[in-house]
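In what follows, a single structure is set out as structure tokens and then discussed.
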Amino acid sequence: MIKFAQFLKKRGKTKPRPSVPQGERYYVVGDIHGRCDLFDQLILAIEKDDERAADAQSTVVLLGDLVDRGPESARVIETARQWGKRRKVRYIAGNHEEMFLESFEDKEMLRHFLKHGGKETVLSYGIKKRRYNELTMKELQRELHDLVPAKHRKFLEAMEDIVIAGDYVFVHAGINPKHSIEDQKRSDLRWIRDRFLKHREPFSHVVVHGHTIFENLEHTPYRIGIDTGAFRTGNLTALVLEGDQRRIIQARERDGSITVAHDEFA
167 MIKFAQFLKK RGKTKPRPSV PQGERYYVVG DIHGRCDLFD QLILAIEKDD ERAADAQSTV
227 VLLGDLVDRG PESARVIETA RQWGKRRKVR YIAGNHEEMF LESFEDKEML RHFLKHGGKE
287 TVLSYGIKKR RYNELTMKEL QRELHDLVPA KHRKFLEAME DIVIAGDYVF VHAGINPKHS
347 IEDQKRSDLR WIRDRFLKHR EPFSHVVVHG HTIFENLEHT PYRIGIDTGA FRTGNLTALV
407 LEGDQRRIIQ ARERDGSITV AHDEFA
């Protein structure tokens with residue numbers, strides 16, 4: 167009889183759901199990649215949601231890769247900067263911000279950057295396509311120094327690598343499973359993929375990340391991938407965390423028009 171009671175007690179134990187600190191709410195936004203049209207609508211939706219929700223200290227976290235691939239990287243950077251003047255926003259650097267910054271001084275990195283969506287970023291700062299095609303790498307670097315505002319470079323340089331909130335950790339790409347949260351390398355936080363995605367054991371925190379595109383959110387007990395491929399799919403996603411509850415706000419482009427959807431997320 168005692169053994170059976172112990173079995174029932176053990177069976178009744180459920181692991182508490184991961185949570186953020188009490189009295190706090192987080193809006194975690196996936197990779198924007200130059201889609202300022204979607205970003206604009208998601209900002210409006212987040213602000214409306216925050217006004218209507220229960221009183222809490224709210225923080226927006228942008229998971230990086232604001233730039234490249236989509237057509238309006240310059241405007242995304244300026245919009246993100248201005249948003250941070252009106253409310254609490256924390257900015258995480260992605261691998262595309264890293265490439266962009268290094269391109270100002272390193273011609274080989276500039277060449278690599280342009281092949282991986284950087285061309286669209288360069289054009290978003292006002293260089294015409296015809297002129298872009300005529301410039302050498304050295305000339306293009308000079309153009310970047312002239313056209314990209316110093317305030318944009320300073321903004322990108324000041325980005326963080328990791329944000330921790332209760333049982334969650336927010337990073338761009340993921341974490342190295344071999345190391346603790348405190349011992350992560352910047353290169354892994356911005357670039358890691360397979361070693362992180364294939365890991366099947368618990369981490370110390372639930373990792374919320376971007377970097378790898380999942381057309382539907384990727385969700386395991388240990389990580390949540392919220393890069394829904396905005397530049398390609400027209401879906402830009404924010405994960406809302408409050409207490410142990412999760413929700414989704416998504417800006418979606420269909421047939422040239424953008425709508426916003428609110429969904430529960432287990």
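In terms of my numbering, the sequence shown opens at residue 167 and continues consecutively. Ideal placement from N, C-alpha and C gives every residue a C-beta, glycine not left out. Owing to the predicted nature of the structure, the values given are computational and were not obtained by experimental measurement.
- Message: Check for me: the alpha helix (DSSP H) holding Asp360 runs from which residue to which?
- Response: Residue numbering aside, residue 360 sits at position 194 when the sequence shown is read from its first letter. Segment Asp360 to Leu363, the alpha helix (DSSP H) holding Asp360.
- Message: Out of Pro187, Trp249, Arg352 and Asp221, which one is the CA nearest neighbour of Asp206?
- Response: Walking along the sequence shown from the start, residue 206 turns up at place 40. Taking only the C-alpha atoms, the option nearest Asp206 is Trp249.
- Following the continuous alpha helix (DSSP H) through Gly230, name the residue where it begins and the one where it ends. The residue you call residue 230 lines up with position 64 of the sequence shown. No alpha helix (DSSP H) holds Gly230; DSSP gives it neither H nor E.
- Task: For Asp421, count neighbouring C-beta atoms within 10 Å of its own C-beta (all shown protein chains included) and say buried if the count is 16 or more, exposed if not.
- Result: What you label residue 421 is simply residue 255 of the sequence shown in a count that begins at 1. Within a 10 Å sphere around the beta-carbon of Asp421 sit fewer than 16 other beta-carbons, which makes this residue exposed.
- Query: Apart from the five residues on each side of it in sequence, which residues of its chain come closer than 7 Å, Cβ to Cβ, to Glu268?
  - Reply: Within the sequence shown, the letter at position 102 stands for residue 268. Contacts found: Met275.
- Considering Glu430, what are the terminal residues of the beta strand (DSSP E) in which it resides? Here residue 430 refers to the residue found at position 264 when the sequence shown is read from its first residue. Ser423 to Glu430 is the extent of the beta strand (DSSP E) around Glu430.
- Item | Residue range of the alpha helix (DSSP H) that includes Ala324 | One-based indexing of the sequence shown puts residue 324 at position 158. Counting along the chain, no alpha helix (DSSP H) covers Ala324, and no H or E run does either.
- Item | Per DSSP, the bridge partner or partners of Arg389 | The residue labelled residue 389 in the question sits at position 223 within the sequence shown. DSSP lists Val373 as partners of Arg389.
- Task: Output the distance between the C-alpha atoms of Arg412 and Val242, rounded to the nearest integer angstrom.
- Result: Position 246 of the sequence shown, counting from 1, holds the residue named residue 412. Position 76 of the sequence shown, counting from 1, holds the residue named residue 242. Val242 has its alpha-carbon roughly 26 Å from the corresponding atom of Arg412.
- How is Ala404 classed by DSSP in three states: helix, strand or coil? As a first step, residue 404 must be located in the sequence shown, where it is residue number 238. Three-state DSSP puts Ala404 in a strand.
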